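Some notes on the structure that comes next.
Right, dumping it as structure tokens:
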């Protein structure tokens, strides 16, 4: 997993947070690593519009509830990215208990977004139209999986070696690529799932299950064990999880394992791991099976990274 750089530490009641900020003329970027022992709901207000690209890189999520909306306006999910527009900040921000939750936020000016987000696609047209009408908007209407390519770009932003104008051009170029990759996911229909009809209590359980799979990806889980742990019968658990996230439980676990293997292979110092070590670390007993699944997803064998 990428090791992100942080410049300062914030310590409050129940919260310890490492923090880093990078600014350009029209972008304000924030990296966080948070440990929170108590959940918290905070009232936030700002009488100005707010646009953010949000990346929950691991182990956390947040939800923003507008005072003027009957249900959550924006929910940022672990392992996913969300780009949203709020005509004003006037509501409640919910932060759950978390451990080593790493997130990345990019606050964008409306001028920058309109200059770089074309109306040629249906999703971007709808987003910009809602923004013009001063309505809460989420690009693509949902959160989208953070791909390995996105993680690499975020890591490169965090470790940018340049200063001055070169730094600004470098960072803004990477953010434009992040926006382009998210639009590609949306236009290819890779992630949009209709969650209507799922009871909130069940939805919370499915999110909890996803957290388990995301953090315990190297462990072997049976459907029976997960069903008991979540408190939903196995049939409903399997169908509901797929309705909620667009993947079966098994498919999601493979996705997490492959992405983790990719990050290890890309970021690990040369010679520090063998492919067998990586396979074992992400939960595979047999190297051949791991190698087959990795090549199926990424088009190259894991040994190509060594």
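Residue numbers (full-length UniProt numbering): 1 to 306.
All C-beta atoms in this analysis are idealised placements derived from N, C-alpha and C, irrespective of residue type, glycine included.
Values in this document were obtained by computation on a predicted structure and should not be read as measured data.
Query                                                                                                                                                                                                 : Result
What runs of the alpha helix (DSSP H), each 4 residues or longer, lie entirely inside the region 101–143?                                                                                             : 110–116 and 122–132
Can you list, in chain order, the residues of its chain whose CB lies under 6 Å from that of residue 275, leaving out five sequence neighbours each side?                                             : 302 and 303
Below 8 Å on the Cβ atoms is my guess for residue 182 versus residue 128; work out the distance and round it to an integer in Å.                                                                      : The Cβ separation is near 15 Å, so there is no contact.
Who pairs with residue 11 in a beta bridge, going by DSSP?                                                                                                                                            : 16
Please specify which runs of the beta strand (DSSP E), each continuous and at least 3 residues long, are wholly inside the UniProt domain "HTH araC/xylS-type" (207–306), giving them in chain order. : none
Verify whether the separation of the beta carbon atoms of residue 240 and residue 249 is less than 8 Å.                                                                                               : no
Take residue 230 and list the residues in its own chain whose beta-carbon comes closer than 7 Å to its own, dropping the five residues that flank it on each side.                                    : 205, 208, 209 and 237
Assuming residue 115 contacts residue 87 under a Cβ cut-off of 8 Å, what Cβ separation, rounded to an integer in Å, is found between them?                                                            : That belief does not hold up - the Cβ atoms of residue 115 and residue 87 are roughly 20 Å apart, past 8 Å.
Using the beta-carbon count (16 or more within 10 Å), is residue 85 buried or exposed?                                                                                                                : buried
Whole angstroms are fine: how far does the CA of residue 58 sit from the CA of residue 5?                                                                                                             : 15 Å
Tell me the DSSP secondary structure of residue 192 in three-state form.                                                                                                                              : Confidence in residue 192 is poor, its pLDDT being 45 and thus under 50, which makes the residue's placement too unreliable to answer from.
Taking 8 Å as the threshold, find out whether the region 30–42 comes into contact with the region 76–83 through three or more Cβ pairs.                                                               : no
Any idea what DSSP makes of residue 312, helix, strand or coil?                                                                                                                                       : With the chain covering only 1 through 306, there is no way to say anything about residue 312.
With DSSP as the reference, please indicate the residues paired to residue 95 in a beta bridge.                                                                                                       : 40
Given residue 177, which residues of its chain have a CB within under 7 Å of its CB, disregarding the five upstream and five downstream residues?                                                     : 153
Helix, strand or coil, according to DSSP, for residue 187 in the structure here?                                                                                                                      : helix
Relative to the C-alpha of residue 220, which candidate in 288, 282 and 202 has its C-alpha closest?                                                                                                  : 282
Within a Cβ cutoff of 6 Å, which residues of the same chain sit near residue 30, ignoring the five residues on either side of it in sequence?                                                         : 21 and 105
In chain order, what residues of the same chain lie with their CB nearer than 8 Å to the CB of residue 8, ignoring the 5 residues before and after it?                                                : 18, 19 and 20
Between residue 52 and residue 108, is the Cβ-Cβ spacing less than 8 Å?                                                                                                                               : yes
Looking at the strands, I want to know which residues DSSP matches up with residue 56.                                                                                                                : 103
Comparing C-alpha positions only, which one of 234, 235, 124 and 213 sits nearest to residue 180?                                                                                                     : 124
Please name the residue in 56, 222 and 25 whose C-alpha comes closest to that of residue 101.                                                                                                         : 56
Drop a sphere of 10 angstroms on the beta-carbon of residue 199, count the other beta-carbons inside from all chains shown, and report buried for 16 or more, exposed for fewer.                      : exposed
Grouping DSSP H, G and I as helix and E and B as strand, with all else coil, what is residue 47?                                                                                                      : coil
Could you tell me the alpha carbon to alpha carbon distance between residue 149 and residue 185, rounded to whole angstroms?                                                                          : 12 Å
Classify residue 78 as helix, strand or coil using the three-state DSSP reduction.                                                                                                                    : coil
Residue range of the beta strand (DSSP E) that residue 62 falls in?                                                                                                                                   : 62–66
Verify whether the separation of the beta carbon atoms of residue 66 and residue 47 is less than 8 Å.                                                                                                 : no
Short check: CB of residue 27 to CB of residue 175, under 8 Å?                                                                                                                                        : yes
Looking at the structure shown, is residue 170 part of a helix, part of a strand, or coil, going by DSSP?                                                                                             : helix
Less than 8 Å between the C-beta atoms of residue 61 and residue 93, yes or no?                                                                                                                       : no
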